[in-house]
Structures are given as structure tokens and as C-alpha cells.
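The next block holds one structure in the form of C-alpha cells; read it before the comments.
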Amino acid sequence: MNKKKVITTWLAFTILLLACNLSATPQSQPTATADTRTEVALALAQTSLAQTQMALSLQQTMAAMVTNTPQATFTPQSTFTQQATYTQQFTYTQQFTYTLQPTLTTQSTTVTVSVSVATNCRTGPGDDYPIVGALPVGQTAEVVGRSQFNDSWIIRLPSNPLVLCWLWGQYATVTGNVANLPIYSPPPTPTPSTAPLVTLSITNNTAQNILFVYFTLASDPAWGPDRLGADTLNIGETFYWTIQPGVYDVRADFGGGVIAKSWMNLAIFSNTALAVP
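Numbering-wise, our numbering comes out as the position in the sequence shown, counting from 1, plus 1392.
If you want it as C-alpha cells, here you go:
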């Protein structure tokens, strides 16, 4: 039973007891006397005193019953602990991709020529012009011009690129755009020489064929063309050439750079016969 219910019960019991005392008091016959009024006043005073004592007793009882109970003290229970930890998850790596770019190919504008048969190169078109060199088979030369009818090509002599000469186009194969080549006019025909001509002959007395024969004036820096052309100086065979008198360098080759025999600063002012070896 809680305190409030005990106090209420006690108060009700006390009031009931007081009421019973009051009802049990004998009532006097109504007498309009001074004694009667005095008795009534005295009874009321006693009743008031009893009520006062009852109230004090009730207060003391209540004070005894009420106990100061300490209230609950709030104690914080939770403690904040930092839980999350940042962890770097990824690393960016830059990737390089090589893209192959198209290569610009420059087309060569150089025109070249080769021959299927060794061909002499002259100072002009035709046999009336002196020979200054030759284009052998398997070798190419730069073409710098053409004749009006494309029957001759003006080339740089491979043995001496400073020399320009006319190559007959009978055995020639030209590579490149010839439309842009300049057209050369033939130079004047040279005046025939009044000097007497001489004959040069070479005989092959070796055990193998001679493939190349060169002769040129000793004052010329290059050997000039192969004087055999498409021919071969076979074993035991003799070849003849008609030339102008002068001092010549002469050479006979087996081929492949093997020299059979050579004559340097050879004076040929009359018919001359040479033999290898």
C-alpha cells in the first residue's frame, strides 16, 4: 500500500470517530438559559481543540511516514567511439596508347633509263656524233631530257655524271614521267676530221673469253663505253677498231672486275695490233 492511500484511510477513520463522539453526546433539553449557552460554547471549544490535536497528530504521522527518498541520478552510459576509417580504394594509372600515323610517301620525280643491250652514248643523235661513253646492261642512268620524237634520251653518263650525252632509245626502257622532260634540239653535226684514221686490233690469246674492252684518250678522266658492246672477244679471236691517232689508255677485262691486260698512255699514230696476254 503506498503512502498516499495510508494517509487517506487514516484521515477518513479520524473524521468518522469524531462524528461518532459528536452524535453520542446527550442533547439537553432546549433551555434558554445562560448556562446552556456556556455549555454549548465549552463543547464547541473542546471539539475544536480535539480537531486541532487530531490535525497535529495527523501531520506528525504523515511526517513520520514520508521519507525523503533520493532520486535516481542520471549517469551517461554510452561513449562515442569513432569507428569509420577512410581507406583509399583505387589508384589512377594513366595509360598511353600509341597510334600509328600514316606515313607520307614522296613519289620520286626522277626519270631513269636502262638498256637490254649495251648502248653507246654520243654528243648528239646518230653515228655522226662522237661517242663519249656507254650505258651497260644492268645499270641505270638519270634521264634529263628527250628528243623531239622520243627516239633518243639525254642522260647523265653513269661513269661521269657531269657529262650529258644522247642515248639511242632502240634498247632503252624508261621509268618515270617523261611528259615533264624538256625537249633537246640536236647540236650541229661535227665537221669531219681530215686527219688520217688508224686501226687498233686486239687478239685474245688467253684460255677464257674477254667480255669487255675499253680504250679512250689518256687525257679523258673516264674509260668510256665498252667497245665490244654486245659482243664477246672469244678465245683466239681478234677484234678491229678504226680510231683517230692519239695517246690512249686500253684495257681488256674477263668480267667481274678481273682485268686481263691494260696499256696506259699507249701512242697509237699508226695501225696497232695488241694481244692478250
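Cβ coordinates follow ideal geometry from the N, Cα and C atoms, glycine included. Predicted model only: the values in this text are computed from it and were never measured.
- request: Please look up how many angstroms separate the CB atoms of W1633 and R1643, rounded, as I've assumed it's under 8 Å.
  value: As a working note, residue 1633 is residue 241 in the sequence shown. As a working note, residue 1643 is residue 251 in the sequence shown. Actually they do not touch by this definition, with Cβ atoms about 14 Å apart.
query: Exposed or buried, what is V1458 when buried is set at 16 or more other beta-carbons lying within 10 Å of its beta-carbon?
result: Here residue 1458 is taken as the residue at index 66 of the sequence shown, counted from 1. Only weak support is given to the placement of V1458: the predicted model assigns it a pLDDT of 49, under 50, and the value that follows is read from those uncertain coordinates. It is exposed - the Cβ of V1458 has fewer than 16 other Cβ atoms within 10 Å.
message: Can you give me the C-alpha to C-alpha distance between I1594 and L1666, rounded to a whole angstrom?
response: The sequence position of residue 1594 within the sequence shown is 202, counting from 1. The sequence position of residue 1666 within the sequence shown is 274, counting from 1. Straight-line measurement puts the Cα of L1666 at about 5 Å from the Cα of I1594.
- request: Measure how close the beta-carbons of L1573 and R1538 come, nearest whole angstrom, since I'm counting them as under 8 Å.
  value: Position 181 of the sequence shown, counted from the start, is the residue given in the question as residue 1573. Position 146 of the sequence shown, counted from the start, is the residue given in the question as residue 1538. With a Cβ gap of about 5 Å, L1573 and R1538 count as contacting.
message: Here's a check: name, in chain order, each residue in its chain whose Cβ is nearer than 6 Å to the Cβ of S1508, leaving out the five neighbours to either side.
response: On the sequence shown, position 116 is the one that residue 1508 refers to. Only Y1563 meet the Cβ criterion.
message: Helix, strand or coil, according to DSSP, for L1414 in the structure here?
response: The count along the sequence shown starts at 1 and reaches residue 1414 at position 22. Bear in mind that the predicted position of L1414 carries a pLDDT of just 46, short of 50, making it too unreliable to give a figure here.
- request: Report buried or exposed for L1527, applying the criterion of at least 16 other Cβ atoms within 10 angstroms of its Cβ.
  value: The residue given as residue 1527 occupies position 135 in the sequence shown. By the 16-neighbour rule on beta-carbons within 10 angstroms, L1527 is buried.
query: Using the beta-carbon count (16 or more within 10 Å), is A1652 buried or exposed?
result: The residue given as residue 1652 occupies position 260 in the sequence shown. Buried, since its Cβ has 16 or more Cβ neighbours within 10 Å.
task: Could you check which residue in I1635, A1599, G1649 and P1669 has the C-alpha nearest to that of P1522?
output: As a working note, residue 1522 is residue 130 in the sequence shown. Here the closest residue by C-alpha is I1635.
task: Compute every distance between the C-beta of I1546 and the non-hydrogen atoms of the ligand SAM, then say whether any falls below 6 Å.
output: Although the ligand SAM was asked about, the structure shown includes no ligands whatsoever.
- prompt: Does DSSP put A1424 in a helix, a strand or coil?
  reply: The residue labelled residue 1424 in the question sits at position 32 within the sequence shown. Here A1424 scores only 45 on pLDDT, less than 50, and its place in the model is too uncertain to base an answer on.
task: Express the C-alpha separation of F1646 and I1602 in angstroms, rounding to a whole number.
output: Counting from one through the sequence shown, the residue named residue 1602 turns up at place 210. Counting from one through the sequence shown, the residue named residue 1646 turns up at place 254. When rounded, the distance between both Cα atoms is 5 Å.
field: Residue environment, F1607, which counts as buried when at least 16 other CB atoms sit within 10 Å
entry: Here the question's residue 1607 lines up with position 215 in the sequence shown. Counting Cβ neighbours within 10 Å, F1607 comes out buried, since at least 16 surround it.
- request: Could you check what DSSP says for L1496 in three-state terms: helix, strand or coil?
  value: Taking the first residue of the sequence shown as position 1, residue 1496 is located at position 104. Since pLDDT at L1496 reaches only 49, below the 50 mark, its modelled position is unreliable, and no value is offered.
- prompt: Using a Cβ-Cβ cut-off of 6 Å (strictly less than) and excluding sequence neighbours within five positions of M1656, which residues of its own chain qualify?
  reply: For this step, residue 1656 is matched to residue 264 along the sequence shown. These residues qualify, in order along the chain: D1641.
message: Assuming T1567 and E1534 are in contact, meaning their beta carbons sit under 8 Å apart, how far apart are those beta carbons, in whole angstroms?
response: The residue labelled residue 1567 in the question sits at position 175 within the sequence shown. The residue labelled residue 1534 in the question sits at position 142 within the sequence shown. About 11 Å; that fails the 8 Å criterion.
message: Measuring only the C-alpha atoms, how far is A1614 from F1541?
response: Here residue 1614 corresponds to residue number 222 of the sequence shown, with the count starting at 1. Here residue 1541 corresponds to residue number 149 of the sequence shown, with the count starting at 1. Approximately 30 Å between the Cα atoms of the pair.
- prompt: If you draw a straight line from the alpha carbon of G1530 to that of P1579, how long is it in whole angstroms?
  reply: Locating residue 1530 in the sequence shown gives position 138, where the first residue counts as 1. Locating residue 1579 in the sequence shown gives position 187, where the first residue counts as 1. Rounded to whole angstroms, G1530 to P1579 spans 29 Å at the Cα level.
query: Excluding five sequence neighbours on each side, which residues of the same chain lie with their C-beta closer than 8 Å to the C-beta of P1588?
result: As a working note, residue 1588 is residue 196 in the sequence shown. So the list reads P1637, once near-sequence residues are dropped.
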